[in-house]
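Engineer: Under our numbering, the first residue of the sequence shown is numbered 2, with each subsequent residue one higher.
Glycine included, every Cβ here is placed at the ideal spot set by N, Cα and C.
Quick caveat, the model's predicted, so the values are computed rather than measured.
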Amino acid sequence: MPTSHAMQTQLSKWGNSTGLRIPAELLAYLGGDKNAKVEITGLPTGGLLIKPVQPPTQSRAQLVARLRASHRKMPMGTSVVRQMRDEEI
């Protein structure tokens, strides 16, 4: 993003929460989706940092399968630390 794009908006009461409306023009500028999940961080300067939540690059099942495959490749036997100590002698 070459430049920043500032706009003013207003906080509004929505049920028991307070909402922040993001103008359609700003959302389009950011390439955002109206249903996107975002992470909001309160900054020490009093500002807010709002950024999209990045979806996981793989599913939980894919991660478990990858970890199990890695575990099967690990050698069984003496511990790595013990093996390293023996090699130093």
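What residue range does the alpha helix (DSSP H) around LEU44 cover?
Structural biologist: Here residue 44 corresponds to residue number 43 of the sequence shown, with the count starting at 1. Taken as a continuous stretch (DSSP letters only), LEU44 belongs to no alpha helix (DSSP H), as it is neither H nor E.
Engineer: How many whole angstroms separate the CB atoms of THR98 and LEU12, which I take to be in contact at a CB cut-off of 8 Å?
Structural biologist: No answer is possible for residue 98: the residues shown for the chain start at 2 and end at 90.
Engineer: So, helix, strand or coil for SER13, using DSSP?
Structural biologist: Working through the sequence shown from its first residue, we reach residue 13 at position 12. In this structure, SER13 counts as strand in the three-state DSSP scheme.
Engineer: Rounded to whole angstroms, what is the Cα-Cα separation between ARG86 and LEU64?
Structural biologist: For the purposes of this step, residue 86 is taken as the residue at position 85 of the sequence shown. For the purposes of this step, residue 64 is taken as the residue at position 63 of the sequence shown. So the two alpha carbons sit approximately 33 Å from each other.
Engineer: What do you reckon, are the CB atoms on HIS6 and LEU28 nearer than 8 Å?
Structural biologist: Along the sequence shown, one-based indexing puts residue 6 at 5. Along the sequence shown, one-based indexing puts residue 28 at 27. Not in contact: HIS6 and LEU28 (Cβ atoms no closer than 8 Å).
Engineer: Spatial neighbours of MET2 within its chain, please: CB distance less than 7 Å, with the 5 preceding and 5 following residues excluded, ordered by chain position.
Structural biologist: Residue mapping note: residue 2 aligns to position 1 of the sequence shown, counting from 1. Low local confidence applies: a pLDDT of 47 at MET2 is under 50, so the model's placement there is unreliable, and no value is given.
Engineer: Indicate the three-state DSSP secondary structure (helix, strand or coil) for MET8 in the structure shown.
Structural biologist: Mapped onto the sequence shown, residue 8 falls at position 7. Coil at MET8, not helix or strand.
Engineer: Helix or strand or just coil, what does DSSP make of LYS52?
Structural biologist: By 1-based counting over the sequence shown, the position of residue 52 is 51. The answer is strand: DSSP assigns LYS52 an E or B state.
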